[in-house]
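In our numbering, the protein residues as written are -19 to 684.
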């Protein structure tokens, strides 16, 4: 049976008379006595525990590792306990500047140089024993005599022995290479955003040990755990420390139980408070006021009063977080998947658009509702169901479907005839409305169409359609959502077809520009390079910031019908080195691309104001499409550091089909619209390394 590391400090005192006390004041006080009962204990943890609570400075060498198989002493002075512990672990100590330095003792610290290949383990250990004068070093009889390979120069004996022991699946315990026990086995564990239950399972995998986890502790969230080639006991201790839990050994079973912070009794009696304020009040009562709250956590106002009965902190926190599928760990709470939020709702004969708005608004979910289904009546009684289930049931009851288009939940009518990818409840991301069907006219004559653009940017087309008769919105997937009368929508589509034409691509130039700088110094040359691609009438190459070795700025502009472009000025910073070039590309009769413009490079060194080298150059070149051409080059020498700089700017023009790819999603995407339009949405990075959606909850404690 494994036993926990147990330390008991027995303080001895005597009842002294007043006179005897005065005499004893001149004598040193008796030392605290120590009792140790160790079994398969990590040596570093044993040392830390022995020094804990004592006003002593100590340091442990990085070579100190391993376990103490067994050590039991009772009621001995601290110095005796320390010496016994060090001797058992093959360690030594010395005092240096009031610090107790603990390191590997001889012969383990003796340096060896070896180079053997495919040598039997026992022969290798014997060789190391002779080289380091370590006669006690040996191999247990149950360790297989596998062939090992190892080469090292001037390394401590203990490091060499551990290296070859690992190749045989064994470990160095004391002065013996033997098969390690379950707690001594080396493990690799890497987890992120896992529950404590799954994390403990990962650490204990293959251990052949009995263990249990307190049911209230299973769902504590583990933000991250990374352990590489550490003992199982060390990995488990790291996990428990990061989750505020503890291990107790009982009848050979390792029991994971809640630490004191989780079991503290708390009570809440709040009304008309913001949800995050409720959490802060809870943390204050639990004595953990600095716990972090994910900014994406809901912050709606409570309408009811919670019970003021005292319960354990973890019970109260779990009750608050569960309805919204939220997560909590030791030191933080975080919002979860909004679709897994538990909701309750009771509506009768409400328009579908109003019901969907009540269900989804404020959750960070972007959606549209087709006018054809906005006024459909919905009656639904939802009790403690997930948002996902409630949403699908509500659409099914109304006879509507949905599809996910570029992150937008588009809700519309169920097609009259058969259609691919259709589901009564929406069917998820593959659902679609009836393809190629003409827009359905409503009683007020309004229709909605979604148009995908192929050659031009949706954002550039929106201003062309703004006439007060239409609602036009662009999506991140380069689509337009157009709502209005049937005639105005038809006119808008005709305009789009005229603009979004492949024939216009002949006037579009995509230009790749590369700025390259070579710095020649006495230490040799260094080359820095940055590239950018842009489309437009005037284009700027990346400013090359040589200190960060990354592009400093990129300019993008689009070709207008008038051939105008936006001028972007170059920047100059002290202590930076950069180059830029501005070009105006034109297409000649021979199909070649003419490039004309100005370039500039600037280098500034030293303390303020610094020494500056600055040079301008004109650009006049032409190139065949797809062929690179040097549009600018120059060199200069700076006295500071005797450095020579060679600068070149290369441009590669391309003509032809240009598709506007959607930009990367930002922290907040989408546009705010009227009912049926977009809602603000997006996932912001939390402080815990993971994206969480914004959620609210109407289940669990009343009024959240």
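Positions of the beta carbon are idealized from the N, C-alpha and C atoms, including for glycine.
On the three-state DSSP scale, how would you describe residue i?
i, result
"residue 37", "strand"
"residue 78", "coil"
"residue 174", "strand"
"residue 337", "helix"
"residue 86", "coil"
"residue 409", "Note that residue 409 has pLDDT 34, beneath the 50 cutoff, so the model's placement of it is unreliable and the number below is only indicative. DSSP places residue 409 in helix when its eight states are reduced to three."
"residue 27", "helix"
"residue 113", "coil"
"residue 231", "coil"
"residue 434", "coil"
"residue 686", "Only positions -19 to 684 of the chain appear in this structure, which leaves residue 686 out of reach."
"residue 452", "strand"
"residue 91", "strand"
"residue 67", "helix"
"residue 250", "coil"
"residue 32", "coil"
"residue 289", "coil"
"residue 261", "helix"
"residue 238", "strand"
"residue 167", "strand"
"residue 103", "helix"
"residue 226", "strand"
"residue 444", "helix"
"residue 123", "coil"
"residue 180", "helix"
"residue 108", "helix"
"residue 603", "strand"
"residue 162", "coil"
"residue 277", "coil"
"residue 62", "helix"
"residue 565", "strand"
"residue 505", "strand"
"residue 581", "strand"
Taking the continuous alpha helix (DSSP H) assigned at residue i, which residues delimit it?
i, result
"residue 296", "293 to 301"
"residue 139", "137 to 147"
"residue 468", "466 to 479"
"residue 329", "Residue 329 -> not in any alpha helix (DSSP H); beta strand (DSSP E) instead, spanning 322 to 331."
Starting from residue i, trace the beta strand (DSSP E) both ways and give me its first and last residue.
i, result
"residue 376", "Residue 376 -> not in any beta strand (DSSP E); alpha helix (DSSP H) instead, spanning 367 to 378."
"residue 17", "13 to 22"
"residue 158", "156 to 158"
"residue 350", "Neither: residue 350 is in no beta strand (DSSP E) and is coded neither H nor E."
"residue 57", "47 to 57"
"residue 305", "Counting along the chain, residue 305 falls outside any beta strand (DSSP E), and DSSP gives it neither H nor E."
"residue 44", "No beta strand (DSSP E) holds residue 44; DSSP gives it neither H nor E."
"residue 314", "312 to 314"
So if DSSP puts residue i in a beta bridge, which residue, or which two residues, is it bridged to?
i, result
"residue 572", "The partner list for residue 572 (beta bridge, DSSP) is empty, contrary to what the question assumes."
"residue 459", "432"
"residue 152", "157"
"residue 392", "381"
"residue 245", "292"
"residue 118", "156"
"residue 72", "83"
"residue 360", "327"
Mind the definition here: the stretch 111 to 121 touches the stretch 50 to 69 only if three or more C-beta pairs lie below 8 Å; say whether that holds. Touching, no.
- Message: Below 8 Å, how does it come out for the stretch 53 to 60 and the stretch 91 to 104: are there three or more Cβ pairs, yes or no?
- Response: No, because fewer than three Cβ pairs between the stretch 53 to 60 and the stretch 91 to 104 fall closer than 8 Å, the two stretches do not touch.
key: Touching by the beta-carbon criterion (3+ pairs, under 8 Å), the stretch 153 to 173 and the stretch 36 to 45   = Taking 8 Å as the limit for Cβ pairs, the verdict is that the stretch 36 to 45 does not touch the stretch 153 to 173.
Using 8 Å as the cut-off, can you tell me whether the stretch 365 to 382 makes contact with the stretch 348 to 357, which would need three or more C-beta pairs spanning the two stretches below that distance?
A contact exists between the stretch 365 to 382 and the stretch 348 to 357.
Count the CB pairs spanning the stretch 212 to 221 and the stretch 315 to 329 that are closer than 8 Å, and state whether there are at least three.
-> When C-beta atoms of the stretch 212 to 221 are compared with those of the stretch 315 to 329, fewer than three pairs fall below 8 Å, so the two segments do not count as touching.
| said: Any contact between the stretch 177 to 188 and the stretch 139 to 147? By contact I mean 3 or more CB pairs, one from each, below 8 Å. | reply: The stretch 177 to 188, when compared against the stretch 139 to 147, does not touch it at the 8 Å Cβ threshold.
(message) Three or more C-beta pairs under 8 Å: does that hold for the stretch 258 to 272 against the stretch 163 to 181?
(response) Too few Cβ pairs lie closer than 8 Å, so no.
Beta strand (DSSP E) runs contained entirely in the stretch 188 to 224, provided each spans 3 or more residues
The stretch 188 to 224 contains these whole beta strand (DSSP E) runs: 190 to 193, 201 to 211.
- Taking one C-beta from the stretch 429 to 448 and one from the stretch 320 to 336 each time, how about it: are there three or more such pairs within less than 8 Å? Fewer than three Cβ pairs drawn from the stretch 429 to 448 and the stretch 320 to 336 lie within less than 8 Å of each other, which leaves the two stretches out of contact.
Are the stretch 327 to 336 and the stretch 216 to 227 touching by the rule of at least three beta carbon pairs closer than 8 Å?
Remark: fewer than three beta-carbon pairs, one from each stretch, lie closer than 8 Å, so the stretch 327 to 336 and the stretch 216 to 227 are not flagged as touching.
Note to self: I want to know whether the stretch 70 to 88 touches the stretch 122 to 132 - three or more CB-CB distances under 8 Å.
What the structure shows: Under the 8 Å Cβ criterion, the stretch 70 to 88 does not count as touching the stretch 122 to 132, having fewer than three qualifying pairs.
Under 8 Å, with one C-beta from each stretch per pair, do the stretch 86 to 100 and the stretch 22 to 39 reach the 3-pair mark?
Result no; under three Cβ-Cβ pairs closer than 8 Å.
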